[in-house]
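Report on the structure given below.
8 protein chains.
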Amino acid sequence: MPKGEKKSAAVWIFMGSESDHAIMSESAAVLDEFGVSYDLKLSSAHRSPKRTISLAEKSLRNGAKVIIAGAGAAAHLAGVIAAHTTLPVIGVPVDSSPLKGLDALLSTLQMPAGVPVATMAVGKAGARNAGILAIQILALNDSRLRAKLGRYKKRLARTVEEKEKALKQSQGKR
Amino acid sequence: MPKGEKKSAAVWIFMGSESDHAIMSESAAVLDEFGVSYDLKLSSAHRSPKRTISLAEKSLRNGAKVIIAGAGAAAHLAGVIAAHTTLPVIGVPVDSSPLKGLDALLSTLQMPAGVPVATMAVGKAGARNAGILAIQILALNDSRLRAKLGRYKKRLARTVEEKEKALKQSQGKR
Amino acid sequence: MPKGEKKSAAVWIFMGSESDHAIMSESAAVLDEFGVSYDLKLSSAHRSPKRTISLAEKSLRNGAKVIIAGAGAAAHLAGVIAAHTTLPVIGVPVDSSPLKGLDALLSTLQMPAGVPVATMAVGKAGARNAGILAIQILALNDSRLRAKLGRYKKRLARTVEEKEKALKQSQGKR
Amino acid sequence: MPKGEKKSAAVWIFMGSESDHAIMSESAAVLDEFGVSYDLKLSSAHRSPKRTISLAEKSLRNGAKVIIAGAGAAAHLAGVIAAHTTLPVIGVPVDSSPLKGLDALLSTLQMPAGVPVATMAVGKAGARNAGILAIQILALNDSRLRAKLGRYKKRLARTVEEKEKALKQSQGKR
Amino acid sequence: MPKGEKKSAAVWIFMGSESDHAIMSESAAVLDEFGVSYDLKLSSAHRSPKRTISLAEKSLRNGAKVIIAGAGAAAHLAGVIAAHTTLPVIGVPVDSSPLKGLDALLSTLQMPAGVPVATMAVGKAGARNAGILAIQILALNDSRLRAKLGRYKKRLARTVEEKEKALKQSQGKR
Amino acid sequence: MPKGEKKSAAVWIFMGSESDHAIMSESAAVLDEFGVSYDLKLSSAHRSPKRTISLAEKSLRNGAKVIIAGAGAAAHLAGVIAAHTTLPVIGVPVDSSPLKGLDALLSTLQMPAGVPVATMAVGKAGARNAGILAIQILALNDSRLRAKLGRYKKRLARTVEEKEKALKQSQGKR
Amino acid sequence: MPKGEKKSAAVWIFMGSESDHAIMSESAAVLDEFGVSYDLKLSSAHRSPKRTISLAEKSLRNGAKVIIAGAGAAAHLAGVIAAHTTLPVIGVPVDSSPLKGLDALLSTLQMPAGVPVATMAVGKAGARNAGILAIQILALNDSRLRAKLGRYKKRLARTVEEKEKALKQSQGKR
Amino acid sequence: MPKGEKKSAAVWIFMGSESDHAIMSESAAVLDEFGVSYDLKLSSAHRSPKRTISLAEKSLRNGAKVIIAGAGAAAHLAGVIAAHTTLPVIGVPVDSSPLKGLDALLSTLQMPAGVPVATMAVGKAGARNAGILAIQILALNDSRLRAKLGRYKKRLARTVEEKEKALKQSQGKR
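Residue numbers (numbering that gives the first Met the number 0), protein chains in the order written: chain S, 0 to 173; chain U, 0 to 173; chain C, 0 to 173; chain D, 0 to 173; chain R, 0 to 173; chain A, 0 to 173; chain W, 0 to 173; chain Y, 0 to 173.
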């Protein structure tokens, strides 16, 4: 079992197909970095609907706080989960059809009034941000996480500056 | 209860919102024309998911042969039903968001391998065709319906010819 | 001749170009799995229109029950066939132009009222689902097929669960 | 019968639905202006396919030189006609679905190698240009038409200049 | 001052232009329904950037828990706020340009790794869902809100069922 | 002649059709506000190409500093002018076809390497910004304009704050 | 000089960039097959506008009958030529930007009323069809070409049938 | 430090990520060709917002005349800079997400009235044109640059003609 993963996890990460794992592991990675527990679940809205719904229904009472769901094509996974829980659900559209993720994006985002899905960018950036958003939500009641987020934000800025220096040096050498 | 509608109906017509009725009544109208029984159901994939699933699960044993489902935006209705039955499911994307039905179209159409939705054109033409397709499916084992379909196809052609005549006459008079 | 293919076949699979075969063989594969007979036909709506129409016209009296048609670009193949038969026609948009299948999708889907095409997802998932939908239609009057579909649906769910286990194990080992 | 319309006409103008007439009458109007004979035909690729094909097949031997075809949605009309004749076929996509003509545009334009359709802009500008293109084609062997086209091109430019003057005057007066 | 609005509010609702108010008032309405305090702020990412940033920077220490931001066109508002706070930021794309909200949707959603925006559907449904998502986040530490959300979810389902009854009755009367 | 318009004007505003005037008058209005001289020209890239080119060619030696060009559909106007001058050319896509300005946007923006067009947003916001950008360019050598721009930027921010106050007051009164 | 190319050619083939040659050589190839003379011209609407216009202006009096123009991105080439001649102009959108040819397609197609461009499909299929359309136009006054076109159409159909046979055989062997 | 780069540079080139450098170096290259000084800055609108804003705010008083900014996805960089300066800002959309640059394009282009961004084509052609546009702006008060631009424009045309010759020769040899 990888670092942050455990059964009564704070964040449940769903993916609709094993081919989505290369993308959704970005969510897991950032939760590991922040020391937040999570559980990876492979369950499809269309191919294993009963188990998906059963997991969604018991997520709240099993201690989950936030759900992340990544899927491609007619990406109903996040929406189906959101229909069966009152926990915040974060959706990650995966680019896995010839339409380059536009189908997954619109299927995840355009939810009807009453059942929100917090949709992220298509692909890896979105999967990573799903992890960050989950941490931002958990940090509302966790001052240690809040402090980590503050440091993370500073590190983001510092990393850009360091990369500029590296770029300038490599330019200067030419 | 309108003409063709009854409880142990051959075709179950779902719509996700009462605002879809103006579109989906086209499916009902064509089934009425062909004398095929149907039942209209208003049930949302996201707002009333349990009832939607329960209806989908019992459709086969309650005598339904074909399911039609119309919805807009992140239109998961047809896909969610298809996940819970082995009956043929026909999806009608409804244009009900600023994105002009492109969201409903892709959410209905781009189903993963294993769980098909027979997707129709966006809007009224699609809703009417959902009815025709249901009749084409039922006609495989109903020679009376098959004959009606043959006559319908001839009438389609004749109507175009009559409209040409009317157009030519109105042109000639100018 | 491959396993399921025979002359008085229940399903006729059309493709508009030999380059569509890599996609459309998915329809054939699933029909083979279910033991449903089919016939593969290569015929273009635009380059061999007379033969396409002639095949469409005689499909019903030659014993076909369902037609599947896959084509790319201005994909008129399914629509042209649907214009000449009252059998259910399933369309598969193929991604074969720089526009990534959006052209094939809209050309197949947006049929006028009176002449439906049951449109599937773009590409391989769609071709496989065309086969499943054909089986769902045939199963309405074939209890053996209906039972197979029920088992298939359970296997779909079980496969997802097995893949989750495999994923968890490979994660745990890292 | 309107001015330029006659039976052995040089240009045959097809439309797929009577609702396309408001658009396609622009093609007729410009042919009237240039004194080129035409015949309006209402015939659908999908609802009256046999008549459409029969007209296409006999167009050449009945004296037609150029065919114009306007249709909306899965606009196969021009392509189906082009499949059955070697005359130049000009396609006009009509905006008649929620997708704003993008479906008609791609269905008309994306023809496979071997069967061209000369596609015009969506809507009225395209219908008018279909008429002009027909005249440009006919003018290759008609010096009177060629001269008229030359004068038309000068008038186009002059009209823009006159409108500038009118605009400046209306501005100056404010 | 409307019902739920107060200065040390739990939810800050930003809009980039006064014309967005007709949309964003949906977020306020749902917060009022749940008795959650909010503050409406009109501030543009591009026209009043300093104030927008200053508000974002002080949101956390002023007691805000969740930020909602709605904007149209090149909708940078949610992203700019997210760049200056570690609070969860929910973005609502507003359809206010000829491109029907596609510009606002992509500008809000496609955030780079490290700076998430929880994006909702385009328009009113999205604005209402932004309110619900804020409540779902706040409910993680508020059992009263959690209970209300549970009742709300049941009411959503019940409302659909009541509307079905009304629809059936109105049908039956015809 | 309106306020800022004169013959040896600093900014030449082209439009391709008189129907573009309702949009392009926004460019003129902002130049009037800043006291920058301009000349309105109605000339089409396609219908009056010679005059368009002739105006472009003499713009530099006639004292023009910046050119603004607005057009719809296959909007070549800005690009054609840019091909014939080395002055900065600002393009405004106008929404005047069923495709909602996407055609004008791509036709104006996607210029090949060597011949830039500074493209603005579709419609009125873009036309107004074309005026502002022209002023920003002229201000590089005009300290009075630079000062005005500074004040304009402050006024933009102040106006947003005033509108917030008005909104809060109208809310409070309800 | 390749087979069909000569100075007083019937068809002038323009391309906007040498990178378009891989596509536009398809037009030349089909003209070679039909024995129609052509001249290849590399000239850009934006980078060498004067020569492009000069060639367009003298095309008619130098004996050209039909012009083909292929370009990518903001593909103004066909439209600029059409603005300066009354010959039929055929446009081929080339997929040469990240937007996959959608920019070239709309820039070529959406011409204003009065100046048509006969637009073909994006890429190689379109370039080949541009050659066929040119031949269809020339065949109106050339019975030898007309006969060749008739044979070509039959060969198109026969080739599809032969490919079906080959496909069936390769299937049978498996 | 590369040729044209220096601290009190006339043109400041921003990029939002080091992966944009392969594109944005085209802007630097053309400025080098024209002998215009520039400074490359790597700074993100979202990850290092404070530094981005601080640079934008001091650009004018540090001697910058024109700013170029390239970014991908929800490309806010140019817009954020434009919000904090009155200098002309040129935006280059970079294709760096599955959506092929459409997201970057709309995020850069669709700026609200009052805050223009001069948007270029997606990718390398756009980055090169950003450099040319900067030079066109600077040339308004630099006769030496103006003369260079005149020669550049002639060279563009000559290069096309030379490439035609090379193409014809390579054709002739075959």
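Glycine included, each C-beta is placed from N, C-alpha and C at the ideal position.
Comparing alpha-carbon positions, the option among Gly78/A, Ile89/A, Ala44/A, Lys164/A lying closest to Ser16/A turns out to be Ala44/A. Below the 7 Å Cβ cutoff, chain A contributes no neighbours of Ser18/W, its closest Cβ being approximately 11 Å away. Contact annotation: the region 105–123 of chain Y touches the region 115–129 of chain A, with at least three C-beta pairs closer than 8 Å. Spatial neighbours of Lys49/Y in its own chain (CB-CB distance under 8 Å, excluding positions within 5 residues in sequence) are not present. Counting along the chain, Met119/D sits inside no beta strand (DSSP E), nor does DSSP assign it H or E at all. Residue environment analysis places Gly34/S among the exposed positions, since fewer than 16 neighbouring C-beta atoms fall within 10 angstroms of its C-beta.
Between Ala70/Y and Ala103/Y the beta-carbon gap is near 7 Å, inside 8 Å, which marks them as a contact. Ranked by Cα distance from Ala27/Y, the first of Thr51/Y, Ile66/Y, Lys57/Y, Ser47/Y is Ile66/Y.
Taking 8 Å as the cut-off, the beta carbon of Leu132/D is found no closer than this to the beta carbon of Ala138/D.
Taking C-beta separations shorter than 8 Å and ignoring five residues to either side along the sequence, the partners of Asp19/A in its chain run Gly69, Ala70, Gly71, Val93, Ser95, following chain order. The secondary-structure analysis by DSSP pairs Val159/S with nothing; it has no beta-bridge partner. Note on geometry: alpha-carbon atoms of Arg127/R and Lys152/R lie some 14 Å from one another. Its Cα nearest to that of Lys40/Y, the residue Ser24/Y stands out among Asn140/Y, Gly78/Y, Ser24/Y, Met110/Y. Taking Lys123/Y as the centre and dropping the five residues before and after it, the same chain places the C-beta of Ile22, Glu25 closer than 8 Å to its C-beta, in chain order. At a cut-off of 8 Å between C-beta atoms, Ala28/R does not count as an interface residue with respect to chain A. Looking at the DSSP output, Met23/D sits in no beta bridge, so it has no partner there. Under the criterion of beta carbons closer than 8 Å, Ser42/D and Thr51/D qualify as touching, at roughly 4 Å.
For Gly78/C, the three-state secondary structure derived from DSSP is helix. Take Lys99/R, set aside five residues on each side of it, and no residue of its chain has a beta-carbon closer than 6 Å to its own.
Less than 8 Å separates the beta-carbon of Ala63/W from that of Trp11/W. Taking 8 Å as the upper bound for CB-CB distance, Ala9/D and Ser53/D are not in contact here, some 20 Å apart. Taken through DSSP and simplified to helix, strand or coil, Gly100/D comes out as coil. Contact of Gln109/C with chain S by beta-carbon distance below 7 Å is absent, the smallest such distance being about 16 Å. DSSP places Pro92/U in the strand class (E or B) of the three-state scheme. Excluding five sequence positions before and after Ala77/U, the CB atoms of its chain that fall closer than 6 Å to its own CB belong to Ala68, Val88, Gly90, Thr107, Val116, given in chain order. Not flagged as an interface residue toward chain W: Lys57/C, since no C-beta distance is shorter than 8 Å. The contact set of Glu160/D on chain A, defined by CB atoms closer than 9 Å, consists of Leu41, Ser42, Ser47, Arg50 in chain order. For the 8 Å CB-CB criterion, Gln135/R and Thr85/S form a contact. In terms of Cβ geometry, Gly130/W and Val29/W form a close pair [threshold 8 Å].
For Leu166/C, the closest of Asp31/S, Asp38/S, Glu32/S by C-alpha to C-alpha distance is Asp38/S. Under the Cβ criterion of 8 Å, Val121/R is counted among the residues facing chain U. Shortest Cα-Cα distance from Ile80/U to any of Glu32/U, Met14/U, Asp31/U involves Met14/U. In this chain, the alpha helix (DSSP H) harbouring Ala124/Y covers 123–138.
A Cβ-Cβ separation of about 10 Å leaves Glu161/S out of contact with Ser47/Y under the 8 Å criterion. Not flagged as an interface residue toward chain S: Leu139/C, since no C-beta distance is shorter than 8 Å. Taking the C-beta atoms as reference points, Ala55/U is found no nearer than 8 Å to Met110/S.
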